[in-house]
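For reference, the structure discussed in these notes is given below.
In the UniProt record's numbering, the protein residues as written are 1 to 128.
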């Protein structure tokens, strides 16, 4: 098995794509003409978005993520050599700052923001 992609259920796919471009410098890999599904270029594993309405048609229930509610128990993590600059860029693009950059005891610099739909995004230096 290989991890192919991670999908976030969002209210508006185009809005999420545009935000991730501005906030994290990601490029679009694929956007379906319906604007209900998109993938971002993130390396071997894509980050994808699907509209909540389309996700709801799969026959199972889920809790929608909202920025006004506690973050879901999951995060997306991006590695970067300059966490403070990435944090400032994300916040300037509309992310909610959650935890400013701090260097952990193991030497890694880590910060957290929430995206427009309320998902946690970790910004961290690479390990090893």
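Where is the CB? At the ideal position from N, CA and C, for every residue including glycine.
Every value quoted in this text rests on a predicted model; they were computed, and no experiment measured them.
Leaving aside the five residues before and after residue 28 along the sequence, list all residues of the same chain whose C-beta is less than 8 Å from its C-beta, in chain order. Contacts found: 17, 21, 38, 39, 40 and 41.
Is the beta carbon of residue 24 sitting closer than 7 Å to the one on residue 87? Not a contact, by the Cβ cut-off of 7 Å.
Could you give the residue range of the alpha helix (DSSP H) that holds residue 111? For residue 111, there is no enclosing alpha helix (DSSP H); the residue is found in the beta strand (DSSP E) stretching over 109 to 114.
Ends of the alpha helix (DSSP H) at residue 54? Unbroken alpha helix (DSSP H) run through residue 54: 52 to 56.
On the CB-based measure, 16 or more other CB atoms within 10 Å of its CB, does residue 8 come out buried or exposed? The residue in question, residue 8, is buried, as its Cβ has 16 or more Cβ neighbours within 10 Å.
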